[in-house]
Amino acid sequence: MTTSFYKDIYNFLSKRHPNRKIYAISDHHFFHVNIILYGRPKFSNISEMNEYIIKCHNDIVGPDDVVIFLGDFCFKNGAIKALLGQMNGHKYLLLGNHDKPKIFKQYGELGFEGVFTTPIKIHSNYLSHQPLDNSVDDPHFKLLVKEFNSNPNGINYHGHIHTTEESTKPYYNVTCEALGYKPLLIGYTSGILTESDSLLL
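For the sequence shown, numbering that gives the first Met the number 0 assigns the number 200 to the last residue and increments by one with no breaks.
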């Protein structure tokens with residue numbers, strides 16, 4: 000039996016949401032004023048940016064699809080519930096460097112169906128906020144990177160890098176800027192939901 004440092008969420012998602020599309024996207028930065036100055040000049044104000052991102056989301060994601068947000072979702076905690084209420088899909092969050100661990104237990108009440116604190120897997124693919132490379136000087140993160148590098152077929156869907164440059168395998172940048180603000184289809188769930196299934200993350 001091989002030990003992994005990652006939680007593979009594929010079976011969980013398939014039982015919870017059978018036969019659905021799975022999307023990934025990162026770094027919405029809702030209500031982050033400076034993000035417009037630094038890298039989103041197409042928007043004139045926060046309201047315009049927020050509305051545009053929500054529209055792009057709903058143009059792609061259906062009501063029963065699964066969406067995994069790879070961190071840095073919103074800079075105004077009091078607005079999270081209203082934002083999620085406008086966005087289609089079953090929504091999951093993997094914490095980024097700007098998300099607030101102190102309200103971890105509140106994320107479920109705000110509209111996320113599950114929250115992950117560390118990088119996760121879907122089969123042989125890896126989802127993280129920061130790229131799984133050696134740019135992070137942390138012993139645990141280095142173990143995650145080592146495991147990822149040992150899988151020649153794995154893709155690392157990540158956020159954190161605000162750029163429109165094309166991704167290079169095995170890394171796939173899914174920040175809003177890189178995707179044109181439209182969530183990326185990364186797979187499909189399968190399986191049959193049973194009454195005994197419960198949300199245990």
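C-beta atoms are modelled at their ideal positions from N, C-alpha and C, and glycine is treated no differently. No experiment lies behind these values; they were computed from the predicted model shown.
Ordered along the chain, which non-local residues of its own chain (more than five positions away) have a Cβ less than 8 Å from that of residue i?
i	result
residue 89	15, 16, 19, 63, 64, 65, 66, 112
residue 176	26, 38, 39, 161, 162, 163
residue 133	141, 144
residue 115	6, 8, 91, 92, 93, 94, 200
In this structure, does DSSP put residue i in helix, strand or coil?
i	result
residue 172	strand
residue 77	helix
residue 186	strand
residue 135	coil
residue 28	coil
residue 60	coil
residue 11	helix
residue 68	strand
residue 160	coil
residue 154	coil
residue 20	strand
residue 115	strand
residue 91	strand
residue 149	coil
Distance check for residue j and residue i, CA to CA, integer angstroms please.
i	j	result
residue 34	residue 54	19 Å
residue 173	residue 23	7 Å
residue 72	residue 149	30 Å
residue 109	residue 83	8 Å
residue 137	residue 144	10 Å
residue 40	residue 153	34 Å
residue 196	residue 43	Only weak support exists for where residue 196 lies, its pLDDT of 48 falling under 50; the value from the coordinates is given anyway. If you take the alpha carbons of residue 196 and residue 43, they lie about 45 Å apart.
residue 187	residue 95	24 Å
residue 182	residue 86	12 Å
residue 59	residue 91	16 Å
residue 79	residue 135	28 Å
residue 81	residue 122	32 Å
residue 0	residue 51	Confidence at residue 0 is low in this model, with a pLDDT of 45, below 50, so its placement is unreliable and the value that follows should be read with caution. Their backbone Cα atoms lie some 46 Å apart in a straight line.
residue 159	residue 3	24 Å
Spatial neighbours of residue i within its chain, please: CB distance less than 6 Å, with the 5 preceding and 5 following residues excluded, ordered by chain position.
i	result
residue 107	none
residue 31	74
residue 139	none
residue 171	154, 156
Mind reading off the beta-carbon distance from residue i to residue j? Whole number of angstroms is fine, and I expect it under 8 Å.
i	j	result
residue 38	residue 161	5 Å
residue 131	residue 157	7 Å
Counting only the same chain and skipping the five closest in sequence on each side, list residues whose C-beta sits under 7 Å from that of residue i.
i	result
residue 119	5, 6, 8, 93, 126
residue 48	35, 39, 42
residue 169	153, 154, 155
residue 13	188, 189, 190
residue 117	none
residue 28	34, 71, 74
residue 184	20, 22
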